[in-house]
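Structure first, commentary second.
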Amino acid sequence: GGGGGGGDGPSQSVAAWNMALRARLQCGDRAGAVRLYGEMRSAALEPASGVVAPRPATDTLNTLLAGFGGSGDGGAAGRPPPSEWRWLLSDMGKLGVAPDRFTLATLLRLQTDLRRTRDVWRWGRGRRVRRDARTWHHLIEAYIEFGKPGAAPRLLGAMAADGARHGWGWHASGARSNNLYLRSLLAAGEPAAATAHFERWSAVTSGEPLAPSLPAARWLRTPPSEPPDAHSYSIALTAVRAAALAADEGSAERGRGGAA
Numbered sequence: 132g133g134g135g136g137g138g139d140g141p142s143q144s145v146a147a148w149n150m151a152l153r154a155r156l157q158c159g160d161r162a163g164a165v166r167l168y169g170e171m172r173s174a175a176l177e178p179a180s181g182v183v184a185p186r187p188a189t190d191t192l193n194t195l196l197a198g199f200g201g202s203g204d205g206g207a208a209g210r211p212p213p214s215e216w217r218w219l220l221s222d223m224g225k226l227g228v229a230p231d232r233f234t235l236a237t238l239l240r241l242q243t244d245l246r247r248t249r250d251v252w253r254w255g256r257g258r259r260v261r262r263d264a265r266t267w268h269h270l271i272e273a274y275i276e277f278g279k280p281g282a283a284p285r286l287l288g289a290m291a292a293d294g295a296r297h298g299w300g301w302h303a304s305g306a307r308s309n310n311l312y313l314r315s316l317l318a319a320g321e322p323a324a325a326t327a328h329f330e331r332w333s334a335v336t337s338g339e340p341l342a343p344s345l346p347a348a349r350w351l352r353t354p355p356s357e358p359p360d361a362h363s364y365s366i367a368l369t370a371v372r373a374a375a376l377a378a379d380e381g382s383a384e385r386g387r388g389g390a391a
């Protein structure tokens with residue numbers, strides 16, 4: 132056995148085995164993690180094998196899913212093919228292990244196009260996985276990444292409603308939500324709108340008077356719950372530059388038209 136045992140018996144040591152799995156994955160020992168998980172799987176699905184190990188739990192499969200799938204942060208091109216992690220979902224069914232919000236968030240982060248992302252979202256809903264801010268943020272991130280930034284305000288509004296129902300509504304107006312909105316405006320070719328939202332957000336959270344020309348975003352049910360962070364300023368700087376470039380190009384175009 133790779134990680135179990137202990138005085139509490141194998142059924143109580145699943146957390147220790149999960150820690151051993153995580154340690155192997157962090158050290159790059161994927162084969163060792165697979166062997167260790169194989170013992171847990173055999174003990175659960177093949178009792179006659181005589182293997183003594185705790186039954187895999189949701190955290191066990193989540194640990195492997197995150198470890199095999201990677202972070203998913205390098206963009207669609209850097210994400211592993213489904214063949215590297217889909218078998219874990221099959222095992223979830225065989226073992227009777229229910230997915231949770233971490234499962235759903237990890238799967239959303241691993242998808243390489245919007246169709247698959249929507250399929251995962253429906254999969255989670257069909258299994259009654261309660262969504263949280265993290266899962267909503269990954270869904271909205273996918274819409275921006277895969278060319279549908281215009282859907283972000285609607286999804287942020289749905290997220291706010293979901294959060295209000297389940298007691299985490301402040302996340303819907305937090306820094307990450309506002310950053311996603313800024314990014315969606317940039318991706319939609321609206322840098323001036325992104326700059327205006329950033330200015331209003333900064334004013335509201337710092338107590339400064341608001342300029343009448345700074346409209347509130349419709350999806351925000353409550354004032355922003357957090358001030359802009361370092362990422363917000365980076366996005367805003369990109370928006371200012373893009374807006375200035377668009378203005379310069381517009382002036383040049385008008386100049387050429389006048390000369391003609």
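Here the sequence shown is numbered in our numbering, starting from 132 and rising by one per residue.
Ideal placement from N, C-alpha and C gives every residue a C-beta, glycine not left out.
Predicted, not measured: the structure shown is a model, and the values here were computed from it.
*Would you check if the distance between the CB atom of Arg-153 and the CB atom of Gly-198 is smaller than 9 Å?*
Taking 9 Å as the Cβ cut-off, Arg-153 and Gly-198 qualify as a contacting pair.
- Message: Need the endpoints of the alpha helix (DSSP H) that Lys-279 sits in, please.
- Response: DSSP places Lys-279 in no alpha helix (DSSP H); its state is neither H nor E.
In the DSSP assignment, the alpha helix (DSSP H) including Arg-217 goes from what residue to what residue?
Looking at the DSSP string, the run of the alpha helix (DSSP H) that includes Arg-217 is 217–226.
Would His-268 pass as a contact of Ser-308 if the rule is Cβ separation under 9 Å? Going by C-beta atoms, His-268 is nearer than 9 Å to Ser-308.
Original post:
Considering only residues of the same chain and omitting the five flanking positions on each side of Thr-191, which have a CB-CB separation below 6 Å?
Top reply: Closer than 6 Å at Cβ, skipping near neighbours: Asn-149.
From this set, Pro-340, His-328, Ala-378, Ala-188, which residue's C-alpha is nearest Ala-367's C-alpha? Of the candidates Pro-340, His-328, Ala-378, Ala-188, the one whose C-alpha sits nearest the C-alpha of Ala-367 is His-328.
Quiz item: Can Leu-313 and Ala-370 be called in contact, C-beta distance under 9 Å?
Solution: Going by beta carbons, Leu-313 and Ala-370 fall inside the 9 Å limit.
May I have the straight-line CA-CA distance separating Ala-295 from Thr-353, to the nearest angstrom? Between the alpha carbons of Ala-295 and Thr-353 lies a distance of about 10 Å.
*Would you kindly work out how many angstroms separate the C-alpha atoms of Lys-225 and Ala-174, rounded to a whole number?*
Answer to the nearest angstrom: the Cα atoms are 13 Å apart.
**Asked** Which residues in the same chain have their Cβ closer than 7 Å to the Cβ of Asp-263, if we skip the five residues on either side of it in sequence?
**Response** Correct list, in chain order: Arg-232, Trp-299.
According to the neighbour-count rule (16 or more other Cβ atoms, all chains shown, within 10 Å of its Cβ), is Asp-139 buried or exposed? The predicted model places Asp-139 with a pLDDT of 48, which falls under 50 and marks its position as unreliable, so this point remains unresolved.
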